[in-house]
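Residue numbers for the sequence shown follow my numbering, beginning at 4 and rising by one.
Beta carbons are placed, not taken as given, at the ideal position from N, Cα and C, and that holds for glycine.
Since the model is a prediction, treat every value here as computed from it, not as a measurement.
Shown next, in structure tokens, is the structure this report addresses.
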Amino acid sequence: MMRTTVTEPTETAPPIAELTFDEALAELQRTIAELESGGQPLERTLALHERGAALLEHCETLLRSAELRMRQLVAKPGGLEAVEVTAEGAVDEA
4 MMRTTVTEPT
14 ETAPPIAELT
24 FDEALAELQR
34 TIAELESGGQ
44 PLERTLALHE
54 RGAALLEHCE
64 TLLRSAELRM
74 RQLVAKPGGL
84 EAVEVTAEGA
94 VDEA
């Protein structure tokens, strides 16, 4: 009986904690595309799903951190002023 060796996505990929937001997002997009294409063995599908979930969590953490930094940078006399940052990059005062 011949057994196929499945390469886990984490064997050659850098640790998620070391990825920048852009790197993590690009890898997440590749992971999603591979999952959507189908046809992978169950073990590969599970490994991709697990890494994808970890990548998503990492991206969300980095975004929350960036949002906090942006809020801290927008200070006015008399205290900190919260602002909303849109996807287009414009800053709207809250």
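For G55, the enclosing alpha helix (DSSP H) has its first and last residue at L45 to L76.
In the three-state reduction of the DSSP assignment, A29 falls in the helix class.
Around the Cβ of E63, a 10 Å sphere holds fewer than 16 other Cβ atoms; the residue is exposed. Taking the Cβ atoms as the reference, I19 lies roughly 7 Å from A27, within the contact range of under 8 Å.
If you compare the alpha carbons of T15, E70, L71 and L49 with that of I35, the shortest gap goes to L49.
By the neighbour-count criterion, in which 16 or more other beta carbons inside 10 Å mark a residue as buried, L76 falls on the exposed side.
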